[in-house]
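Enquirer: So the protein sequences, as listed, match chains A and B. Residues 1 to 421, numbered by my numbering, are exactly what the first sequence covers, in order. Residues 422 to 616, numbered by my numbering, are exactly what the second sequence covers, in order. All C-beta atoms in this analysis are idealised placements derived from N, C-alpha and C, irrespective of residue type, glycine included.
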Amino acid sequence: MSDIDHRHPKAEAAESNGGTHRAAVEERADADGPPPDTVEPSVRAEGKPPTGDTAPPTTGDGDGDKPPWRRRAWAVIDERLGLSALRYPVPEHANNIAWSLGGVTASVLLVLIATGIVLAQFYNPTPEAANGSVRDIITNVWLGSTLRGVHYWGAQAMYVLAVLHLLRVFVTGSYKRPREANWLIGVGMLALVIGAVFTGTVLKWDQESFEALGHNLEIGEFLGGAGLWFSADLSKSIPLLERLYVAHIVIIPGLILALLAAHMLLIKRHGISPDPSLATATGDDAAVEVAVETAEPVEPFTHHLRRVGALGLIVIGVLGVLAVLYPPGIGPSPVEGIEVTKPPWMFWWLYTIENWFGIQAIIWASAALFALLAAVPFIDRNPARSWRKRPVAMTLLGLVLVTMIVFTIITGVSSVASHLG
Amino acid sequence: MHSTRSSIARGAVVALAALAVVLFSWAPSALADAGEGESDKSTDLVRQAIAILVNEPDNMESVAEKLDDASSAPDQSGTDVALVVSARDALMANDPHRARTLAEQAIGAKPHLASAETPAIGETTPSSATAGEGTSPMTMATGAQAGEATFPDPLEVRTELAGRDLTVLVLSILVGAVGVYLALRFRPQRREVHP
């Protein structure tokens, strides 16, 4: 494919195989709307937006059985909002739980934004009052403890779901051409999620928070000019806590949402990544993989959304239960010059590395991990997507995971005194 | 071909297990001193002693060490050393509550009242100018200063599973159950693929 050939790679491959293929259909649909051959009638009907009341859309969910007034109402709404554009076809495997992890992560993001907006009405980001305002949220604000609990557990759920999503993408080789850019965007979003967890940890302003802030300062100092934002020197009259608060509620969520938009646009552009297990069930030829992909039944994207919504409801229910049964507490206000706490468990592997090699190793280890993640699509030239045919990539993944898990356990079983020496 | 892949997989698992063993065995010897130089101001050291007492009430050794260092620190301005010594004696007498009160009085910090003490929103805790930089009545904390001079107890949130908590719990379970039902209803049919 030349640089000026903008055809979808799957479409090109599919067309080279001959026959009717969904990828080729999708490519043509980008320009002309869905063709009549391969997309379900319910999906096909959404190719053109309805014009006025004369062309109510078929929804594929039994719209034909709906009362006329509902069809007319839908037509009026759809003509103005173009919601039927969401009914583009996606392969059936998109609704598997593994392929829905990204969507569920996004649903948790919505929960975090909603609870965060409420908490922001009662949180005071000045160092003198931050710890007290969190205590006030817990003890005096109506449902404050529960909301904070949902926010606290939601942050951890988002981290876990984002990592699981990344692992699924890695194991199924979904970062391979043409999805390299989307992989990079995803890695960037994971970094931002970790940043959100870190800044959120600081905001409660207890001893754990202050020690985390100390690491923030040390890292900023180590980075020199590049670390100016992380240092207290950038704005001498404004407490660092307030700047981290701004990062937590504006900068980081804003960047996540911007990258999320790009992430979703690229998913739409490239299509849902193929499921290698479907191909390996019938052969190990790349052409077979494409053929399986294009022969797989499709469903409208709205079915994926409702599946993600259902899974999101499960997560919200679990978050609510955790928030009630295991509400997060808060430590005393901080004191400089001591280290008596451990960071949140997501950072335990870095805590071990700091113990062994000093605080600068935190930067090197984090940078190495994310550099490796960013390089994955470019150093992995194996065209196969199935994990069974990618022993090098899987071994590398195993090495990284085992190392991080072992380091995490070491911190989990060690005392804080070990950190202090 | 299959046996080759299996042996590779077995080798990879063994290698990963070996890596885990090496890392675990390395850990104890590699845990190194990451501490920093101690402050020479008795005020700081008393504050640290209080913080350790609050965060780690079982770590009496560290608290006593900090109080010892505070009573012999080069810069003892703003600290009543006699009260620091009394605090250490109270600690040795196994009375950490009195030790904490005396230590707080030694630096003019606001004595704690109870574990449920909750400062009002917007309340600054000026205490005395000896309680640390940035916490005097005229100066708000800047940069990376901690800002607060009180040492409230850790607030553990207890759930009694009554009233609002019980309602939220039941609603959460209902929401989760609806999610399970819908997720099962909307799950893919896993139709067979014929390439």
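If you reduce the DSSP assignment to three classes, tell me which class proline 344(A) lands in.
Expert: Proline 344(A): coil per DSSP, three-state reduction.
Enquirer: Write down the C-beta distance between leucine 595(B) and leucine 582(B) rounded to the nearest angstrom, noting that I regard them as a contact closer than 8 Å.
Expert: No, leucine 595(B) and leucine 582(B) are not in contact; Cβ-Cβ is about 16 Å, not under 8 Å.
Enquirer: Given this structure, state the Cα-to-Cα distance separating threonine 172(A) from isoleucine 330(A), to the nearest angstrom.
Expert: When rounded, the distance between both Cα atoms is 41 Å.
Enquirer: List, in order along the chain, the chain A residues whose C-beta lies closer than 8 Å to that of leucine 590(B)?
Expert: What leucine 590(B) touches in chain A: Gly320, Val321, Val324, Leu325.
Enquirer: Please confirm whether histidine 303(A) and arginine 179(A) have their CB atoms less than 7 Å apart.
Expert: Cβ distance not < 7 Å, so histidine 303(A) and arginine 179(A) don't count as in contact.
Enquirer: Just to confirm my understanding: we take methionine 158(A), look at its own chain, exclude 5 residues before and 5 after, and list those with CB closer than 7 Å. What are they?
Expert: For methionine 158(A), where only same-chain residues beyond five positions count, the Cβ hits under 7 Å are Thr105, Val108, Leu109, Leu112, Val193.
Enquirer: In chain A, which residues lie with their C-beta within 8 Å of the C-beta of glycine 600(B)?
Expert: The contacting residues are Ala310, Leu311, Gly312, Leu313, Ile314, Val315, Ile316, Gly317.
Enquirer: Residues of the segment 494 to 527 of chain B with a CB closer than 7 Å to any CB of chain A: list them in chain order, please.
Expert: If the cut-off is 7 Å between Cβ atoms, the segment 494 to 527 of chain B has nothing near chain A.
Enquirer: So glutamate 221(A) contacts chain B; which residues on that side make the cut at Cβ distance below 8 Å?
Expert: Neighbours of glutamate 221(A) on chain B: none; closest Cβ ~11 Å, over 8 Å.
Enquirer: For my contact list, alanine 401(B) and leucine 217(A) are in at a C-beta cut-off of 8 Å; report their separation, rounded to the angstrom.
Expert: An answer regarding residue 401(B) cannot be provided, because it is not within the stretch 422 to 616 covered by chain B.
Enquirer: For my contact list, valine 187(A) and leucine 373(A) are in at a C-beta cut-off of 8 Å; report their separation, rounded to the angstrom.
Expert: About 5 Å separates the two Cβ atoms, so the contact holds.
Enquirer: Buried or exposed, going by whether 16 or more other CB atoms sit within 10 Å of the CB of asparagine 382(A)?
Expert: Burial call: exposed.
Enquirer: What does aspartate 65(A) pair with, by DSSP beta-bridge criteria?
Expert: DSSP lists no partner for aspartate 65(A).
Enquirer: Give me the residue from Pro327(A), Ala295(A), Val150(A), Leu313(A) with the minimum Cα distance to histidine 93(A).
Expert: When only C-alpha atoms are compared, the closest one is Ala295(A).
Enquirer: Would valine 467(B) pass as a contact of alanine 527(B) if the rule is Cβ separation under 7 Å?
Expert: Contact: yes.
Enquirer: What residues of chain A sit near glycine 529(B), judged by a beta carbon separation below 8 Å?
Expert: Near glycine 529(B) there are no residues of chain A at all, since even the closest Cβ is about 15 Å away, more than 8 Å.
Enquirer: From what residue to what residue does the alpha helix (DSSP H) around valine 335(A) run?
Expert: Per DSSP, valine 335(A) belongs to no alpha helix (DSSP H) and is neither H nor E.
Enquirer: So the candidates are Leu240(A), Pro332(A), Arg385(A), Leu350(A); which of them puts its Cα closest to the Cα of aspartate 206(A)?
Expert: Ranking Leu240(A), Pro332(A), Arg385(A), Leu350(A) by Cα distance to aspartate 206(A) puts Pro332(A) first.
Enquirer: Following the continuous beta strand (DSSP E) through proline 391(A), name the residue where it begins and the one where it ends.
Expert: From DSSP, proline 391(A) is part of no beta strand (DSSP E) but of the alpha helix (DSSP H) over 391 to 413.
Enquirer: Which ranges does the alpha helix (DSSP H) cover as unbroken runs of at least 4 residues, wholly within the segment 107 to 188 of chain A, from first to last along the chain?
Expert: Runs of the alpha helix (DSSP H) inside the segment 107 to 188 of chain A: 130 to 139, 144 to 171.
Enquirer: Could you tell me the boundaries of the alpha helix (DSSP H) in which aspartate 221(A) lies?
Expert: Note on identity: in this sequence residue 221(A) is glutamate, with aspartate being the wrong assignment. Segment 207 to 222, the alpha helix (DSSP H) holding glutamate 221(A).
Enquirer: With burial defined as no fewer than 16 other Cβ atoms inside 10 Å of the residue's Cβ, what is the status of histidine 518(B): buried or exposed?
Expert: Exposed is the call here.
Enquirer: So, for glutamine 360(A): in the same chain, excluding its five sequence neighbours on each side, which residues have a beta-carbon less than 7 Å away from its beta-carbon?
Expert: Hits under 7 Å: Phe222.
Enquirer: Grab the span of the beta strand (DSSP E) containing valine 298(A) for me, first residue to last.
Expert: It spans 298 to 300 - the beta strand (DSSP E) in which valine 298(A) sits, taken as one unbroken run.
Enquirer: From what residue to what residue does the alpha helix (DSSP H) around alanine 517(B) run?
Expert: Looking at the sequence provided, one finds proline at residue 517(B) rather than alanine. First-last of the alpha helix (DSSP H) with proline 517(B): 517 to 527.
Enquirer: Assign asparagine 515(B) to buried or exposed, taking buried as 16 or more other Cβ atoms, counted over all protein chains shown, within 10 Å of its Cβ.
Expert: When all chains shown are included, asparagine 515(B) counts as exposed.
Enquirer: Thinking C-beta only, is alanine 258(A) closer than 7 Å to isoleucine 185(A)?
Expert: No, the pair does not count as a contact, with Cβ atoms beyond the cut-off.
Enquirer: So for leucine 576(B), helix, strand or coil by DSSP?
Expert: Strand at leucine 576(B).
Enquirer: Can you give me the start and stop residues for the alpha helix (DSSP H) that proline 91(A) sits inside?
Expert: Premise fails: proline 91(A) lies in the beta strand (DSSP E), 89 to 91, not in any alpha helix (DSSP H).
Enquirer: Have a look at valine 376(A) and valine 400(A) and give me their C-alpha separation to the nearest angstrom.
Expert: The straight-line gap from Cα to Cα measures roughly 13 Å.
Enquirer: Starting from proline 424(A) and walking both ways along the alpha helix (DSSP H), at which residues does that stretch end?
Expert: This structure leaves residue 424(A) out entirely; chain A is present only between 1 and 421.
Enquirer: Taking the alpha helix (DSSP H) that leucine 393(B) falls in, what are its first and last residues?
Expert: A question about residue 393(B) goes unanswered here, because the residues of chain B that appear run from 422 up to 616.
Enquirer: Which residues does DSSP pair with aspartate 496(B) in a beta bridge?
Expert: DSSP, once it has assigned bridges, lists Lys462(B) as partnering aspartate 496(B).
Enquirer: Please list the partners that threonine 617(B) has in chain A, where partner means a Cβ-to-Cβ separation under 8 Å.
Expert: For residue 617(B) there is no data in the structure shown, the boundaries of chain B being 422 and 616.
Enquirer: Which value, in whole angstroms, describes the spacing of the CA atoms of valine 318(A) and proline 327(A)?
Expert: Computed Cα separation, rounded: 13 Å.
Enquirer: Per DSSP, what kind of secondary structure is glutamate 339(A) in: helix, strand or coil?
Expert: Looking at glutamate 339(A) - three-state DSSP - the assignment turns out to be coil, as it is neither helix nor strand.
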